[in-house]
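A short write-up of the structure that comes next.
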Amino acid sequence: MPMRNNYFILLLFFIQFSFSQEKEREVLVGKVVSDSLEVENITVLNLSSNIGSVSDFDGKFSIKARASDTLVFQGLSFVSKKYILLESDFLINEFKVKLQVKLNELNEIVVTPNSLTGNLAEDSKKIKVYVPNLAGIDFSKLSFPDDQYSKVANPLEKSGSSPLTGINFNKILDLFDTAEKREKRKKIRAENIANEKWLREVQSESFYDHLMKRYSHNFIVENLKIKNEDIVSFIAFADPGSYQLAEFLKSENELKFVEYLVAKSSEFNRNKLEENNTNLKYED
Numbered sequence: 005m006p007m008r009n010n011y012f013i014l015l016l017f018f019i020q021f022s023f024s025q026e027k028e029r030e031v032l033v034g035k036v037v038s039d040s041l042e043v044e045n046i047t048v049l050n051l052s053s054n055i056g057s058v059s060d061f062d063g064k065f066s067i068k069a070r071a072s073d074t075l076v077f078q079g080l081s082f083v084s085k086k087y088i089l090l091e092s093d094f095l096i097n098e099f100k101v102k103l104q105v106k107l108n109e110l111n112e113i114v115v116t117p118n119s120l121t122g123n124l125a126e127d128s129k130k131i132k133v134y135v136p137n138l139a140g141i142d143f144s145k146l147s148f149p150d151d152q153y154s155k156v157a158n159p160l161e162k163s164g165s166s167p168l169t170g171i172n173f174n175k176i177l178d179l180f181d182t183a184e185k186r187e188k189r190k191k192i193r194a195e196n197i198a199n200e201k202w203l204r205e206v207q208s209e210s211f212y213d214h215l216m217k218r219y220s221h222n223f224i225v226e227n228l229k230i231k232n233e234d235i236v237s238f239i240a241f242a243d244p245g246s247y248q249l250a251e252f253l254k255s256e257n258e259l260k261f262v263e264y265l266v267a268k269s270s271e272f273n274r275n276k277l278e279e280n281n282t283n284l285k286y287e288d
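Per our numbering, the very first residue in the sequence shown carries number 5; after that it's consecutive.
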């Protein structure tokens, strides 16, 4: 009896040990492909770990994952795709996923009796032409006012010379560079140097890093109404570029930045809704 209990305890220990040794995630190198469109900036999201990645110009990406993880591939011009990873996907040099292009249906074209045929001789007969009756008008008795808007060409004015002496006073005044002008140019140069330094500082970090430094995860979910699994995809969608971001991150533009994020989140959610409706239509 004690021996049987020992076997039972060892069995329980072995089962517990097996479950605790869950395989760690490793870097999966993959590539998104498509028949016709470019596959840059495709969002790759691991739903099992909430880790995201974005494809480069060639569609290549890398993401931490393991077998049985679910990956979601999303792009504005493509039908979203879910894929459950297999052990064999980690044994190949490059894991590939093919996305289908999202087809937008055009509105129905209505052909009317007045539609053009492409034959100029036939189409010209259908066009109504209005010809004014000018037979009773005597143009010699009509008077037209002088042109009040065109500027009079004056060679003296164009050259900047005085009509009396022929001396170009504008050229003379340009020689006297006042201290005020020099100070103004100095201030402009200083502002340009400061702006360039600030731009380089902004470019040293990604839009994702800047956004997460200023706003919490809860702010994005609760205030911008972005689902947790769509955060990485939304940030890639809302990236304004380094020049506009540099302006947004200035303290005086904080409100403008928030307004921009709210507008982009509304646009993103509309696109997601249309994408979901399209996917449901394809499934039907």
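We put the beta carbon where it would ideally sit given N, CA and C, even for glycine.
The C-alpha of S237 lies about 38 Å from the C-alpha of A194. Ranked by Cα distance from V37, the first of F82, R204, V262 is F82.
Within the segment 216–251, the runs of alpha helix (DSSP H) at least 4 residues long that lie entirely inside it are, in chain order, 221–226, 235–242.
Straight across, the Cα-Cα distance linking F272 with P244 is about 14 Å. Membership of I46 in any beta strand (DSSP E) is not indicated, and neither H nor E is assigned to it by DSSP. Here the alpha carbons of L90 and F211 stand approximately 33 Å from one another.
For the pair of segments examined, the segment 40–53 was found to touch the segment 97–106: the number of CB pairs separated by less than 8 Å reaches three. Annotation for A71: no beta strand (DSSP E) segment contains it, and DSSP assigns it neither H nor E. Pairing L203 with S246 gives a Cβ-Cβ distance under 8 Å. Taking a C-beta distance under 8 Å as the contact criterion, L249 and V206 qualify as a contact pair. Only residues of its own chain outside the window of five on either side were considered, and among them K27, L89, L90, E91, D93, F94 have a CB closer than 8 Å to the CB of A71, listed in chain order.
Nearest C-alpha to F61 among D234, V266, T47: T47. In the three-state reduction of the DSSP assignment, Q104 falls in the coil class. Note that the C-beta distance between S57 and S66 is below 8 Å. Taken atom to atom, the span from the alpha-carbon of S255 to that of I96 is near 49 Å.
For K85, the enclosing beta strand (DSSP E) begins and ends at 85–88. A distance below 8 Å separates the beta carbons of F77 and K85. Residue environment analysis places N50 among the buried positions, since at least 16 neighbouring C-beta atoms fall within 10 angstroms of its C-beta. N232 and S208 have their C-alpha atoms roughly 26 Å apart. Cβ-Cβ distances below 6 Å link R29 to K68, A69, R70 in the same chain, with the five nearest sequence neighbours on each side left out; the list follows chain order.
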